[in-house]
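First comes the structure, then the notes that go with it.
Number of protein chains: 2
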Amino acid sequence: MHEEVVARVRHKLVEGEIPPGARVPERELCAALGISRTPLREALKVLAAEGLVVLLPNRGARAARLTRESVQDLFEVCEGLEALAGELACQRISDQQVAEIAALHASMLAHYRAGDLIPYYRCNRLIHEGIVRAADNTVLSSLYESVAARIRRARFITPMTPERWTLAVQEHEAILNALLRRDGGGLAHILRTHLRHKRAEVERAGFAETEESQASQPAGARRLSSA
Amino acid sequence: MHEEVVARVRHKLVEGEIPPGARVPERELCAALGISRTPLREALKVLAAEGLVVLLPNRGARAARLTRESVQDLFEVCEGLEALAGELACQRISDQQVAEIAALHASMLAHYRAGDLIPYYRCNRLIHEGIVRAADNTVLSSLYESVAARIRRARFITPMTPERWTLAVQEHEAILNALLRRDGGGLAHILRTHLRHKRAEVERAGFAETEESQASQPAGARRLSSA
DNA sequence: TCAACGCATTTTGAATGCAAAAATCCGGTA
DNA sequence: TACCGGATTTTTGCATTCAAAATGCGTTGA
């Protein structure tokens, strides 16, 4: 049941039901989930360790903000993780797994042509997860899952433009090709490029400062602090 | 106080006070730390999310085992993270930070010459952490911390041989040189090599099957399972 | 003799209770 | 009317309590 609670609350955070910067209403969530405070508080501690919420001593939990720095950090790490996944996947992926990803790619393409964004996103995500899974590394999988979930929260503030959509599909063609050729270096490279473009789009769209919910959490000057 | 408890228990796990595979004695720990079960259980949930303990439903917590697969996975990911840190650090490190690492390197060298393993390990760790810190990426830092902590648990089963020690010091010379030249690619490469050697040593030493505490947790056949 | 069953004890997981810290509200004052 | 200070209410953090599951042990019957 503990895992269930963590998953439910994580879903609310990733899907924007609890927007970045918002307070996490302990009482309400307990009522909504039909549980007492103990398991919810345990779940919040776990989500804090994952970086999805911030625990303020004696002042409760807030959904972590998406600042310019944190998004940049997340993309940098995600690049590294996906590149590693690409390298390893090309060494270890089975023909069947390649076929599964090729099938996902085909339906993603169909959704692109039909202009269906939501199912397109779903296939997109499954392809990236498939590559990570094919790397056959449980540590990598769990770290990727954590980072990707946090990045996914930014999609509400980045509109998908037709140009970017076309480019992304082209990049996915290259991804599939590299995978078919088992070209680890090439796959790592195109995955990095793909993510850099996505990141540029998110940064261009700007974030933070636009949500009313970003209030009451002072902007940190992390880049200035040294330790 | 919550963070305090997590840190204390994590220390017990990383330092081998609670060996891999051993049961985490909830009652005892509560008594030892002078707290009730609630905060301890919260801490265990967090450590489970970090991968240091495994929670068995209705059967308590055990310190995670160090299997061949999990150690391999950890090293693979650590390589990726350190390589990324090296790349970023060379772009962002300040002269003062380089000087700090150079100083650490010098004292590490002195400890090597004196044959003092423990302080050598300490300097070694601080150098690697310094590089990661210089990458100036909080997400990277926290993931690295988590992976490095889990890897550190393996050091009790890998004796330091004179040959490996000499090689490690040589590699650290190359690491410092790459850093002084701000050669990101070169630093990433030597860091990967350094870790690969360390990993080979750990794998050669063999692990698991040697600790009585590894008992009663069936060996998983993860490499065979697909999803 | 040994295996299977049943009961008691221990351990786990979640709910509740209680003390302390924040946040809020309200009245008073300048 | 704006601002400050204190009391009240709410929220938070931890301890305690309670129910359910697992474990251990003794008994019984083949």
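So the protein lines, in turn, are chains A and B. Residue 797 is where the first sequence starts when you use the working numbering, and the numbers rise one by one after that. Residue 797 is where the second sequence starts when you use the working numbering, and the numbers rise one by one after that. For every residue, glycine included, the Cβ atom is placed at its ideal position computed from N, Cα and C.
- Burial of A:H968 is indicated by the presence of at least 16 other C-beta atoms within 10 angstroms of its C-beta.
- From the listed residues A:I927, A:R819, A:T957 and A:P815, the smallest Cα separation to A:A895 is found for A:I927.
- For A:R988, the closest C-alpha among the options B:L880, B:L976, B:Q966 and B:T863 is that of B:L880.
- Within the region 817-838 of chain A, T834, R837 and E838 place their CB atoms closer than 8 Å to a CB of chain B, listed in sequence order.
- Apart from the 5 residues on each side of it in sequence, B:I814 sits with its Cβ closer than 7 Å to the Cβ of K808, V820 and A859 in its chain, given in chain order.
- Pairing A:L884 with A:G980, the inter-Cα distance amounts to about 7 Å.
- The beta carbon of A:G847 falls within 9 Å of a beta carbon belonging to chain B, placing the residue at that interface.
- For A:G980, no Cβ of chain B is located within less than 9 Å of the residue's own Cβ.
- About 5 Å separates the beta carbon of B:L900 from that of B:L922, a gap short enough to meet the 8 Å contact definition.
- Contact check for B:R837 against B:E824 fails: the beta carbons are separated by 9 Å or more.
- In this structure, DSSP gives B:R921 a helical state, which the three-state scheme calls helix.
- Taking a C-beta distance under 9 Å as the contact criterion, A:R949 and A:L862 qualify as a contact pair.
- Listed by position along chain B, the residues whose Cβ is nearer than 7 Å to that of A:H798 are K841.
- In the structure shown, A:G830 falls within a coil segment according to DSSP collapsed to helix, strand and coil.
- Taking a cut-off of 8 Å for Cβ pairs, the region 864-876 of chain A and the region 932-946 of chain B touch, as three or more such pairs fall below it.
- Within chain B, the residues placing a beta-carbon under 9 Å from that of A:T934 are G847, E865, S866, D869 and R1018, ordered along the chain.
- In the DSSP assignment, B:G856 falls within the beta strand (DSSP E) that extends over G856 to A859.
- Looking only at A:A964, A:E997, A:V998 and A:I947, the smallest Cα-Cα distance to A:I986 is reached by A:A964.
- Within the DSSP secondary-structure output, B:V849 pairs in a beta bridge with B:A859.
- Judged by DSSP in its simplified three-state form, B:R819 adopts strand.
- The beta carbon of B:L991 lies closer than 7 Å to those of F871, C874, E875 and E878 in the same chain, with the five residues before and after it left out.
- Taking C-beta atoms under 8 Å as the contact rule, B:V849 and B:L840 qualify, at a distance of about 6 Å.
- Residues of the same chain with a CB within less than 7 Å of the CB of A:V998, apart from the 5 flanking positions on each side, are V867, A950 and T954 in chain order.
- Sorting A:M797, A:A818 and A:A944 by C-alpha distance to the C-alpha of A:G830 places A:M797 at the top.
- Check the Cα spacing between A:A945 and each of A:V801, A:V810, A:V805 and A:M956: the tightest is with A:V810.
- Straight through space, the alpha carbons of B:A845 and B:K994 are spaced by roughly 26 Å.
- The three-state secondary structure of B:N973, taken from DSSP, is helix.
- Between B:R888 and the set B:A906, B:A930, B:L913 and B:R864, the nearest pair of CA atoms involves B:A930.
- The beta-carbon of A:E875 is placed less than 9 Å from the nearest beta-carbon of chain B.
- Taking a Cβ-Cβ cut-off of 9 Å, the neighbours of A:V943 in chain B comprise V935 and L939, given in sequence order.
- If you draw a straight line from the Cα of A:G882 to the Cα of B:S832, it is about 46 Å long.
- In the three-state reduction of the DSSP assignment, A:T954 falls in the coil class.
- Under the Cβ distance rule, B:L880 counts among the residues neighbouring chain A, one pair being separated by less than 9 Å.
- Boundaries of the alpha helix (DSSP H) harbouring B:G982: G980 to A1001, taken from the DSSP string.
- Per DSSP, the unbroken alpha helix (DSSP H) holding B:D869 starts and ends at R864 to R888.
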